[in-house]
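Counting in the working numbering, the final residue of the sequence shown is number 315, and the numbers go up one at a time with none missing.
Glycine included, every Cβ here is placed at the ideal spot set by N, Cα and C.
The structure presented is a predicted model; accordingly, all values stated were derived computationally and were not measured.
The structure appears right after this line, and notes come after that.
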Amino acid sequence: MLAYRHAFHAGNHADVLKHLVLTLVLRHMNLKDKGWRYVDTHAGAGGYSLEGDYAKKRGEFEQGIARLWERDDLPPPVADYVALVRAFNGGSKLKPKLKQYPGSPGLAQLLMRPQDQLRLFEMHPTDHKILASFLGDVPGVEVKLADGFASLKSQLPPPTRRGVVLIDPSYELKSDYPRTLAALREALERFADAVVVVWLPQLQLLEATQLPQRLKATATAGAKKGWLHAQLTVARADERGFGMLGSSVFVANPPHTLHGSLQPLLPWLAGVLGQVDGATHRLEHGAGA
Ligand SMILES: C[S@@+](CC[C@H](N)C(=O)[O-])C[C@H]1O[C@@H](n2cnc3c(N)ncnc32)[C@H](O)[C@@H]1O
Numbered sequence: 027m028l029a030y031r032h033a034f035h036a037g038n039h040a041d042v043l044k045h046l047v048l049t050l051v052l053r054h055m056n057l058k059d060k061g062w063r064y065v066d067t068h069a070g071a072g073g074y075s076l077e078g079d080y081a082k083k084r085g086e087f088e089q090g091i092a093r094l095w096e097r098d099d100l101p102p103p104v105a106d107y108v109a110l111v112r113a114f115n116g117g118s119k120l121k122p123k124l125k126q127y128p129g130s131p132g133l134a135q136l137l138m139r140p141q142d143q144l145r146l147f148e149m150h151p152t153d154h155k156i157l158a159s160f161l162g163d164v165p166g167v168e169v170k171l172a173d174g175f176a177s178l179k180s181q182l183p184p185p186t187r188r189g190v191v192l193i194d195p196s197y198e199l200k201s202d203y204p205r206t207l208a209a210l211r212e213a214l215e216r217f218a219d220a221v222v223v224v225w226l227p228q229l230q231l232l233e234a235t236q237l238p239q240r241l242k243a244t245a246t247a248g249a250k251k252g253w254l255h256a257q258l259t260v261a262r263a264d265e266r267g268f269g270m271l272g273s274s275v276f277v278a279n280p281p282h283t284l285h286g287s288l289q290p291l292l293p294w295l296a297g298v299l300g301q302v303d304g305a306t307h308r309l310e311h312g313a314g315a
């Protein structure tokens, strides 16, 4: 039985980085009329209360989305992402109170058009139930209680040959590391144009430190438009070396504008989301097959 619940972490610094990149990717997809398919292999509940016991217990969103909420100096792409979070909070008022945070399916739904499709996989029965009641009846959306790693193949290539995949495991199981790598390889073998977004924790753990290199090698061999890796380090490990230092997002076949968009945003985010002096960022990219 899986123990991980994303409700404890919703809206934290890692969600901000991941969801900002996802927003940039889907906005880019919307520049063309042709419909796209979005596959979320680890969808979570789709949206989270920030006033409930889960979110309040750790208050992680206070070091994430809450640090952006009241600011009037957001760079335009960050302002666009925060506007989507406001819309999720019923944003008819200019600055509604921050009560809820959209998960990746909630954000994707805000960005989808009638011609687009969402395919959402979630294995935790409770989160699947919440997700199904939130989005299960929306036209173009399918919610499945199934293993997202195993199901990805069946979703690619999309009929329109325009597709975005988000692979966002909790890495609660060590097998999530090799399965993530295999999922990227499999996705690119079936559809070498797939835009594949992978979220990675920054931990002092061999599997976590090796995964970025392995993803790069896989995308270099199999992605037509190369890869990009954006990392934000916001904290320090404790004296035993435990704890998440930050996170990164790896993108295979990134939109050609993504690197230029992230270049000024990452140092800005490191300054705003850093929890220690010397919060840092890194942005790398490489060619593909
Ligand atoms: C990090 S959370 C996802 C957060 C979500 N993508 C977002 O950005 O809002 C990971 C989720 O994957 C689920 N999960 C774990 N293993 C899975 C698997 N093999 N297939 C589908 N879902 C899985 C967990 O129950 C958890 O809800």
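query	result
Three-state secondary structure assigned by DSSP to F217	coil
D66 in three-state terms, based on DSSP	strand
Closest Cα partner of T259 within the set G116, K44, G300 and F34	G300
Residue(s) in a DSSP beta bridge with G129	The partner list for G129 (beta bridge, DSSP) is empty, contrary to what the question assumes.
Unbroken alpha helix (DSSP H) run spanning A71, endpoints	No alpha helix (DSSP H) holds A71; DSSP gives it neither H nor E.
Nearest candidate by alpha-carbon position, reference L192, set L124, N279, K121 and Y74	N279
N56 burial status per 10 Å Cβ neighbour count (16 or more: buried)	exposed
Start-end ranges of the beta strand (DSSP E) lying completely within the region 191-267, minimum 3 residues	221-228 and 253-259
Three-way DSSP call (helix, strand, coil) for E310 in this model	strand
Run of the beta strand (DSSP E) containing V108, from where it starts to where it stops	Element bounds for V108: not the beta strand (DSSP E) but the alpha helix (DSSP H), P102 to F114.
Option in R188, L161, G166 and L288 with minimal Cα separation from G70	L161
Endpoints, the alpha helix (DSSP H) within which S177 is located	G174 to S177
Q289, enclosing alpha helix (DSSP H) - first and last residue	L284 to L299
R188, DSSP secondary structure in three states	coil
Unbroken beta strand (DSSP E) run spanning F147, endpoints	Q143 to F147
Span of the alpha helix (DSSP H) around K83	D79 to R84
contact_flag[the region 75-87, the region 202-218] where n(CB pairs < 8 Å) is 3 or more	no
Contact set for H45: own chain, Cβ-Cβ below 7 Å, skip 5 residues either direction	Y107, S130 and L133
Reference L229; option with closest CA among K251, A218 and A263	A263
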